[in-house]
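Structure first, commentary second.
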Amino acid sequence: MEDGPSRIDGEIGEQEKNELAKVLFEDDSMEMDNDDAPLDIQACRMLSKFDDPWENLKDPHVMINFYKNIFPWKLLFLWLNQDHAPNYHFANREFAVTLQNDAYLRYNSYSNYLDLQKDMIRLNPSRFEIGAVYSVPPRDKKSIPKSAFRPILRELVFDIDLTDYDDIRRCCNDKKICRKCWKFISIAVKVLEKRLRTDFGFRQLLWVYSGRRGIHCWISDEEALKLSDDQRRCIVNYLDIFRGGGQASRSSLRVDFKGSSIHSSIKDSVEIAKPWFEEVALKDQDVFKGEDGWKFFKSLWDGLEFQSKLSKFDDSPSIKQWEDVINQESKLSRSTNSITNAIPNPKLSKQLNQINDIKRNIILHYTYPRIDLEVSKHMNHLLKSPFCVHPGTGKVCIPVDPEKVQEFDPESVPDVRDLLRELDRQKTKSQNANPVEESNKENSNLDGGESGIDDLTKAWSKTSLKPYVEYFEKHVTDIIKHKMKMKKDSQNQTNSMEF
Numbered sequence: 001m002e003d004g005p006s007r008i009d010g011e012i013g014e015q016e017k018n019e020l021a022k023v024l025f026e027d028d029s030m031e032m033d034n035d036d037a038p039l040d041i042q043a044c045r046m047l048s049k050f051d052d053p054w055e056n057l058k059d060p061h062v063m064i065n066f067y068k069n070i071f072p073w074k075l076l077f078l079w080l081n082q083d084h085a086p087n088y089h090f091a092n093r094e095f096a097v098t099l100q101n102d103a104y105l106r107y108n109s110y111s112n113y114l115d116l117q118k119d120m121i122r123l124n125p126s127r128f129e130i131g132a133v134y135s136v137p138p139r140d141k142k143s144i145p146k147s148a149f150r151p152i153l154r155e156l157v158f159d160i161d162l163t164d165y166d167d168i169r170r171c172c173n174d175k176k177i178c179r180k181c182w183k184f185i186s187i188a189v190k191v192l193e194k195r196l197r198t199d200f201g202f203r204q205l206l207w208v209y210s211g212r213r214g215i216h217c218w219i220s221d222e223e224a225l226k227l228s229d230d231q232r233r234c235i236v237n238y239l240d241i242f243r244g245g246g247q248a249s250r251s252s253l254r255v256d257f258k259g260s261s262i263h264s265s266i267k268d269s270v271e272i273a274k275p276w277f278e279e280v281a282l283k284d285q286d287v288f289k290g291e292d293g294w295k296f297f298k299s300l301w302d303g304l305e306f307q308s309k310l311s312k313f314d315d316s317p318s319i320k321q322w323e324d325v326i327n328q329e330s331k332l333s334r335s336t337n338s339i340t341n342a343i344p345n346p347k348l349s350k351q352l353n354q355i356n357d358i359k360r361n362i363i364l365h366y367t368y369p370r371i372d373l374e375v376s377k378h379m380n381h382l383l384k385s386p387f388c389v390h391p392g393t394g395k396v397c398i399p400v401d402p403e404k405v406q407e408f409d410p411e412s413v414p415d416v417r418d419l420l421r422e423l424d425r426q427k428t429k430s431q432n433a434n435p436v437e438e439s440n441k442e443n444s445n446l447d448g449g450e451s452g453i454d455d456l457t458k459a460w461s462k463t464s465l466k467p468y469v470e471y472f473e474k475h476v477t478d479i480i481k482h483k484m485k486m487k488k489d490s491q492n493q494t495n496s497m498e499f
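By the count of the UniProt record's numbering, the sequence shown reaches residue 499 at its end, each step adding exactly one.
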């Protein structure tokens with residue numbers, strides 16, 4: 001492991017010196033610490049104030065050691081290759097890297113994952129992205145006619161970013177994120193899981209945290225890989241229900257469905273999102289609070305007689321305003337039922353239908369997934385690789401289980417610096433237990449040598465990244481098993497036809 005720069009004494013403030021001296025010298029009779037007890041993340045960060053080689057995210061040693069010792073390269077290869085033997089799914093795949101100086105290099109390609117890992121250690125990018133599978137290895141694109149170089153396979157991908165929710169989230173904005181606004185992502189995942197699996201029959205979906213304020217979805221089914229740009233656009237247009245070209249607004253709804261024209265998939269999405277609506281939009285975000293919010297909410301019911309019966313502005317919470325509408329709707333419904341038993345009243349029935357339409361549109365406006373449309377439309381679009389590190393936060397882009405997405409906490413996502421500290425601690429414990437063996441291992445693992453390359457030792461299993469890599473491993477195994485089954489079924493069908 002390379003040594004990063006340590007803080008020199010002159011950089012430590014006087015107060016921090018006093019704190020350190022107090023810990024070290026004030027009480028000579030203090031009890032001995034339990035050396036075997038693991039340090040939690042907060043303790044590691046407290047110690048980092050004084051001497052920590054991983055403190056500075058921009059230090060090149062941080063990413064080099066992450067790429068060398070923790071990143072699960074072999075699993076990434078198996079996921080993209082969908083087979084144990086290297087083939088064009090991987091060899092013809094584009095990788096683009098962003099260097100530490102922000103230079104951007106496209107059309108890199110590699111024969112196997114060892115070559116990929118070695119080059120990432122050499123280049124030491126702040127992040128790298130994955131693109132399409134091309135007709136030839138992208139690194140050879142200049143050696144063939146331009147017309148012969150084209151994308152032939154690409155996962156269908158989706159990108160959802162919380163900045164597209166800034167018009168409806170009140171807890172945070174821009175790059176900030178908390179557990180409250182993450183619930184918008186949770187709803188989006190639940191809705192898209194249902195739509196993509198039920199409406200299109202896709203089964204190999206991988207959800208990956210973007211590292212800051214969003215989530216990505218990668219669909220690896222063979223049918224998804226072969227989709228043309230036109231077919232991808234059709235899928236995106238089917239899923240996108242918002243009007244206004246993606247322009248967010250706090251003064252109008254971006255959804256306008258009427259009862260007779262609404263598709264069954266939209267109705268189903270409303271049923272998925274409805275249980276979340278009150279908690280997320282009305283309680284957590286309180287979207288109609290304040291005079292402007294109240295005016296907007298009241299304007300949604302323009303043209304309906306009961307609008308005048310809604311409560312006057314008194315800075316009531318959004319849930320109270322919503323309940324006010326429900327109460328007025330119930331009164332209207334009772335009136336309709338009592339009258340229509342004798343004489344049909346089309347006017348009241350029409351009002352009830354209008355109220356239901358507006359309620360449904362409000363729920364969709366505040367809960368339906370806000371997809372970055374352009375990301376999904378083109379085969380040659382690049383997307384950040386799973387397990388990359390977000391250069392602004394240090395967070396690892398970990399897979400997210402859609403069944404547990406509502407439990408996901410973006411603040412608890414492993415930070416690359418904490419992972420390296422965890423690995424250091426494990427190494428120290430091993431050295432204390434087997435000093436000779438660990439010394440020999442250290443000498444054989446110098447930078448620039450062949451040892452240390454490959455993730456066969458699974459160093460990630462000694463860190464808090466372990467459960468996320470294991471989840472990814474299960475996903476990859478399912479893909480390969482399915483691919484093998486398809487090959488076997490195809491072979492059996494061929495043999496049957498020959499017979």
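Backbone N, C-alpha and C fix where the C-beta goes; we use that ideal spot for every residue, glycine too.
A quick note: this is a predicted structure, and the numbers were derived from the prediction, not measured.
- By DSSP's assignment, Tyr366 forms no beta bridge with any residue.
- According to DSSP, residue pairing for Asp415 in a beta bridge involves Lys395.
- Apart from sequence neighbours up to five positions away, the residues of its chain that approach His475 with a beta-carbon distance below 6 Å are Leu206, ordered along the chain.
- In the three-state DSSP reduction, Tyr110 falls in the coil class, being neither helix nor strand.
- Taking the Cα of Lys347 as reference, the smallest distance to any Cα among Leu282, Arg93, Pro53, Phe306 is reached at Phe306.
- A contact between stretches requires three or more CB pairs, one per stretch, nearer than 8 Å, and the region 322-334 meets this requirement with the region 347-358.
- Assigned with DSSP and collapsed to three states, Trp54 falls in coil, not helix or strand.
- Taken in chain order, the whole alpha helix (DSSP H) runs of length 4 or more contained in the region 189-243 are 222-225, 229-239.
- Straight-line spacing of the CA atoms in Glu55 and Leu364 works out to 43 Å.
- In this structure, Val157 keeps its C-beta atom at 9 Å or more from the C-beta atom of Leu373.
- A Cβ-Cβ contact shorter than 9 Å links Phe90 with Asn112.
- The alpha-carbon of Pro125 is positioned some 29 Å away from that of Asp221.
- The DSSP assignment places 290-299 as complete runs of the alpha helix (DSSP H) inside the region 269-310, in order along the chain (cut-off: 4 residues).
- About 4 Å separates the Cβ atoms of Ala188 and Pro369, confirming a contact at the 8 Å cut-off.
- Per the Cβ contact rule, the region 479-486 is in contact with the region 81-97 (3 or more Cβ pairs under 8 Å).
- Three or more pairs of CB atoms, one per stretch, sit closer than 8 Å, so the region 381-393 contacts the region 204-219.
- Looking at the backbone, the Cα of Asn356 and that of Phe297 are separated by about 15 Å.
- The C-alpha of Glu279 is placed about 20 Å away from the C-alpha of Leu300.
- Annotated three-state conformation of Thr98 is strand, per DSSP.
- Residue environment for Asp418: buried (at least 16 other C-beta atoms within 10 angstroms of its C-beta).
- Just so you know, the alpha carbons of Glu291 and Lys320 end up roughly 14 Å apart.
- Per the coordinates, the alpha-carbon of Gln204 lies some 10 Å from the alpha-carbon of Leu196.
- Within the same chain, Ala132, Val133, Leu225, Met379 come within 7 Å of Arg154 by CB-CB distance, once the 5 residues on both sides are set aside.
- Taking C-alpha positions only, Asp240 is separated from Glu407 by approximately 26 Å.
- Put simply, the backbone Cα of Val325 is about 16 Å away from that of Asp314.
- Residue environment: Ala433 is assigned as exposed (fewer than 16 neighbouring CB atoms within 10 Å of its CB, all protein chains considered).
- For a cut-off of 8 Å, the C-beta gap from Gln117 to Tyr67 is around 7 Å, short enough to register as a contact.
- In the structure shown, Lys175 adopts coil according to DSSP, grouped into three states.
- Taking a contact as a CB-CB distance under 8 Å, the pair Ile219 and Leu382 does not count as one, their CB atoms being some 16 Å apart.
- A Cβ-Cβ contact shorter than 9 Å links Lys377 with Asp229.
- Lys384 sits in a strand when the DSSP states are folded into three classes.
- Out of Ile215, Val405, Leu420, the CA that lies nearest to the CA of Ser461 is found in Leu420.
- Per the C-alpha coordinates, the member of Leu310, Asp161, Ile185, Ser186 positioned closest to Asp174 is Asp161.
- Distance between Gly201 and Glu193, taken at the CA atoms: about 11 Å.
- For the 9 Å CB-CB criterion, Thr367 and Phe242 do not form a contact.
- For Pro72, the closest alpha carbon among the candidates Ser464, Lys458, Val62, Lys488 is that of Lys458.
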